[in-house]
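The sequence shown begins at 0 in numbering that gives the first Met the number 0 and counts up one residue at a time.
Don't be surprised by glycine CBs; every beta carbon is placed ideally from N, CA and C.
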Amino acid sequence: MNTQTLSTILLFFICFCSKGQDIIEASFYNGTFEELKILAKKTQKPILLDFTATWCGPCRKMDEETYSDIEVATLIAKEYIAYKVDVDKIDNLELTLNNKILNFPTVLFMDYNGKVSGRLIGFYLPEYFYKILEQNLFFKRKNLKNETEFTRMVDKIMKE
């Protein structure tokens, strides 16, 4: 086999093998939180706030494993308006303090008016996080906006 043929075959395998390895990640809104609230009201989609920090190991694990899961990323993109809150940025201090965020990662679920309906603290595997996202949407349709009900729902999912 000549060098050109070998190079062509090698290039083909590199392109073919790397194509399926694209990293999928949930899309997070890039504007301000105030702009996000306007968008949520306009689209009537629930809000998902991910309070995170660059130094937080479990936060990075959520990004690498959970938010990059294709089913989780697709559901978030389709049904939620998601927003990352970097707690180390001074612009996010008020939002962090107002929501009493003490542990990371913390994910807040809000209705499109900005009312908190649920809270998750810590790392969640993709399969559990996906079920929580789905059940949260079910509760929204039933107008159950109680944080206690949300906690019961999460507990039930985690026991399955």
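Supposed contact pair residue j and residue i - C-beta distance, whole angstroms, cut 8 Å
i: Lys-130; j: Ile-156; result: 5 Å
i: Pro-45; j: Pro-104; result: So it is not a contact: roughly 18 Å between Cβ atoms.
i: Phe-50; j: Thr-95; result: 6 Å
i: Leu-119; j: Val-153; result: 7 Å
i: Tyr-111; j: Lys-158; result: At roughly 30 Å, the Cβ-Cβ gap does not stay under 8 Å, so Tyr-111 and Lys-158 are not in contact.
Three-state secondary structure (DSSP) of residue i
i: Lys-130; result: helix
i: Val-162; result: No answer is possible for residue 162: it lies beyond the span of the chain, which begins at 0 and ends at 159.
i: Phe-11; result: Its pLDDT being 40, under 50, Phe-11 is placed unreliably in this model, and the value from its coordinates should be taken loosely. Phe-11: helix per DSSP, three-state reduction.
i: Asp-62; result: helix
i: Ile-163; result: Nothing in the structure corresponds to residue 163, since the chain is present only between 0 and 159.
i: Glu-159; result: coil
i: Gln-20; result: Confidence in Gln-20 is poor, its pLDDT being 45 and thus under 50, which makes the residue's placement unreliable; the coordinate value appears in the next sentence. Residue state, collapsed to three classes: coil.
i: Asp-154; result: helix
i: Thr-53; result: coil
i: Leu-96; result: helix
i: Thr-31; result: coil
Alpha carbon of residue i to alpha carbon of residue j, nearest angstrom
i: Thr-73; j: Ala-25; result: 7 Å
i: Gly-117; j: Thr-150; result: 7 Å
i: Phe-108; j: Val-115; result: 6 Å
i: Leu-101; j: Asn-29; result: 23 Å
i: Phe-128; j: Glu-34; result: 26 Å
i: Glu-126; j: Glu-70; result: 9 Å
i: Tyr-82; j: Asn-91; result: 12 Å
i: Asn-185; j: Ile-89; result: Since the first residue of the chain shown is 0 and the last is 159, residue 185 is not available in this structure.
i: Leu-38; j: Tyr-123; result: 27 Å
i: Glu-93; j: Phe-32; result: 11 Å
i: Lys-36; j: Glu-78; result: 15 Å
i: Gly-113; j: Thr-147; result: 17 Å
i: Leu-47; j: Asn-145; result: 16 Å
i: Lys-60; j: Gly-121; result: 10 Å
i: Thr-65; j: Trp-54; result: 18 Å
i: Lys-99; j: Glu-63; result: 26 Å
Beta-ladder partner(s) of residue i, from DSSP
i: Phe-108; result: Leu-47, Gly-117
i: Tyr-82; result: Leu-48
Other residues of its chain near residue i: CB distance less than 7 Å, five sequence neighbours each side excluded
i: Ala-76; result: Ala-25, Ser-26
i: Ala-52; result: Cys-58, Asp-85, Val-86, Asp-87, Phe-103
i: Gln-43; result: Tyr-111
Cutoff 8 Å: residue i Cβ touching any chain C Cβ
i: Ile-46; result: Absent from the structure: chain C. Only one protein chain is present.
Close beta carbons around residue i, own chain, < 6 Å, minus the five adjacent residues each side
i: Val-106; result: Asp-49, Leu-119
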